[in-house]
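Contents: one structure, followed by commentary.
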Amino acid sequence: HAIKTGEKRVQFYTADFLHCMQRQLKIEHCLKQAIETEELKVYFQPKYNLANYDIVGIEALLRWHHHELGVVSPDEFIKIAENAGLIVNIGRYVLKKCAALINKLQVEKKVCVPIAINISGHHFSQSNIFQDVKAVLSLYQISPQFLEIEVTENVVMMDYDIVIDQLTHLKALGVKISIDDFGTGQSSLERLSKLPIDSLKIDRSFILNLSEQPQTQAIIKAVLSLSDALGLNSIAEGIETQSQEQFLRLNNCNLGQGFLFAKPICEEEIIALLNNLSSG
Ligand code: C2E
Ligand code: MG
Ligand code: MG
Ligand code: MG
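Structure representation (structure tokens):
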């Protein structure tokens, strides 16, 4: 009997596994085309100064709608892209799209704020993000202070010289650097104080649990004072309610991002939003 149950479990697991593999292969195959045909769209979510609601930056986020697969979320396809060796192409693609937008705003003499690009840890070892950024800056004739790189906590905490090396060069060039999803990885505080970074982005999971969990409030307060002590900007991601916003503002979190203010929007919409700033 026990063996039979075991057999069933193995069969069930196998079917599930196969289904999952098929979807991954399909995504991988379609993703290659999606990059070439520009079916991958870059969306933009504003970052706000919580003291006066000025837009102080923008984060670039990929959106993909495939005619058969439907909407595929970046949480799913970025992992596949990393494993399939496609992530450097994606990183460069987003970088180019953002540089083109910055160039357009500059040429039209519109208000422009730094645009942040999420860069995978794999990009540092499979390419050189510093060289990739430099190439794009000269191609689009834009200044480095309009670009920002977001890397997750674990990527910068790995004892990996090439990551620090490339980030140090980027920072020296004037590109801004943020640690994304802060609080979910494994930080060494000693290392944190030595990194060439500008901001800490407090992970959305903390903001989500803020109202119900006193421990979470304590963690956020601790991260905010740490960030302040290290002379860094603090930004909270995933702010959805006024009470979350109020807590953050009262505890000196200077920047915020979330559906309460704006969802990620397409290029035309972000241009319109920035144009309103110039005229109003
Ligand atoms: P992330 O960089 O931490 O981005 C924040 C995520 O939170 C985004 O999800 C954003 O749409 C979502 N978000 C922002 N505000 C709110 C809110 O108030 N409520 C809720 N529920 N969600 C909010 P998204 O766009 O699905 O991206 C997920 C992750 O995929 C990103 O996390 C990032 O790690 C990765 N990703 C997205 N675009 C790129 C890209 O161009 N390159 C790379 N390497 N990774 C990307
Ligand atoms: Mg990010
Ligand atoms: Mg994040
Ligand atoms: Mg995230």
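In the numbering used here, the protein residues as written are 666 to 945. For glycine and all other residues, C-beta sits at the position ideal for the given N, C-alpha and C. All of these numbers come straight from a predicted model, not from anything done at the bench.
query: Span separating the alpha-carbon of residue 721 from that of residue 942; result: 11 Å
query: Residue 719 (DSSP reduced to helix, strand or coil); result: coil
query: Exposed unless 16 or more other CB atoms sit within 10 angstroms - verdict on residue 909; result: buried
query: heavy atom of ligand 3 below 8 Å from residue 866 C-beta; result: yes
query: Local Cβ density within 10 Å of residue 716, reported as buried at 16 or more and exposed below that; result: exposed
query: Proximity test, residue 724 beta-carbon vs ligand 2 heavy atom, cut-off 8 Å; result: yes
query: Cβ-based neighbour list, residue 770, same chain, cut-off 6 Å, excluding 5 preceding and 5 following; result: 777
query: DSSP-derived helix/strand/coil call for residue 666; result: For residue 666, the pLDDT reaches just 42, beneath the cut-off of 50, and the residue's location in the model is therefore unreliable, although a value from the coordinates is still provided. Three-state DSSP puts residue 666 in coil, outside helix and strand.
query: Residue 896: first and last residue of the uninterrupted beta strand (DSSP E) it sits in; result: That residue, residue 896, is in no beta strand (DSSP E); it is neither H nor E in DSSP.
query: Any 3 or more C-beta pairs closer than 8 Å across the stretch 693-705 and the stretch 742-750; result: yes
query: Straight-line Cα distance separating residue 740 from residue 680; result: 23 Å
query: Any non-hydrogen atom of ligand 3 closer than 8 Å to residue 863 Cβ; result: no
query: Check: residue 653 C-beta below 8 Å from any heavy atom of ligand 1; result: Missing from the structure shown is residue 653; the chain here goes from 666 to 945 and no further.
query: Near ligand 3: residue 846 beta-carbon under 8 Å from a heavy atom; result: yes
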